Amino acid sequence: MVAIVAAAALGAFATTRMTDALLRRQTWAEALPPLALRVEASLPRTRFAIAFAIGLLAAALRPDADAMAAAAFGWLLLMMAWIDLKRGVRPDVATGATAVLGLALAAAGGIDRTVEALLGGGLGFAALAATAALYRRIRGVDGLGGGDARLLGAI
């Protein structure tokens, strides 16, 4: 139980720091100095609490090896949602990390699961990209950004 709480707290801390870094356009290395395990007063407590809850919920709902992967997905999505709310964009580095994590988990499930993940991601991306192009053609303005299609493909 202590390990679960510690992992959830560490993931919440890392998520909060990476979100702050991306909002300030720092690199992840600048956001996570080695052994910086203290929570500073300047970190938004709300984001930390939500990220901590994601870690605990993932461990409670998936008490197996997939719990950390589920928590990582939740943390990445929280980070992207927060940045999207503040800036109106999702960082490609976080979308890419989501895609890599998803493909790694699919690969662990075998070749069939990997092919399904690649097809699902590709078709999801293509469907949303086509919808955005059609909307742009009909209305003359963008209705969806490219990040929406990339995120759907990554998930």
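FYI, the numbering for the sequence shown is 41 to 195, going by my numbering.
We put the CB at the ideal spot given by N, CA and C, even for glycine.
This one's a predicted model, so the numbers in the text were calculated from it and none came from an experiment.
Is DSSP giving residue i helix, strand or coil here?
{"i": "Arg87", "result": "helix"}
{"i": "Ala71", "result": "Any answer about Ala71 is weak, because its pLDDT of 49 lies below 50 and its placement is not dependable; what the coordinates show is given next. In this structure, Ala71 counts as helix in the three-state DSSP scheme."}
{"i": "Arg130", "result": "coil"}
{"i": "Ile195", "result": "coil"}
{"i": "Ala76", "result": "In this predicted model, Ala76 has a pLDDT of only 39, less than 50, meaning its place in the structure is not dependable enough to derive any value."}
Look at the Cβ atom of residue i, then the Cβ atom of residue j, and state whether they are nearer than 8 Å.
{"i": "Leu154", "j": "Ala194", "result": "Leu is not the amino acid found at residue 154; the sequence shown has Thr there. Going by C-beta atoms, Thr154 is not nearer than 8 Å to Ala194."}
{"i": "Ala134", "j": "Gly114", "result": "no"}
{"i": "Ala167", "j": "Leu184", "result": "no"}
{"i": "Gly142", "j": "Ala157", "result": "yes"}
{"i": "Ala109", "j": "Ile94", "result": "no"}
What are the boundary residues of the alpha helix (DSSP H) that residue i is part of?
{"i": "Arg127", "result": "Asp106 to Arg127"}
{"i": "Val155", "result": "Ile151 to Arg179"}
Verify the contact flag: residue i, CB atom, against every heavy atom of the ligand ATP, threshold strictly below 7 Å.
{"i": "Leu184", "result": "The ligand ATP is absent from the structure shown, which contains no ligands of any kind."}
For the segment 182-192 against the segment 148-167, do three or more pairs of beta-carbon atoms, one drawn from each stretch, fall closer than 8 Å, so that the two count as touching? yes
Measuring CB atoms only, is the segment 83-94 touching the segment 48-55, in the sense that at least three cross pairs come out at less than 8 Å? yes
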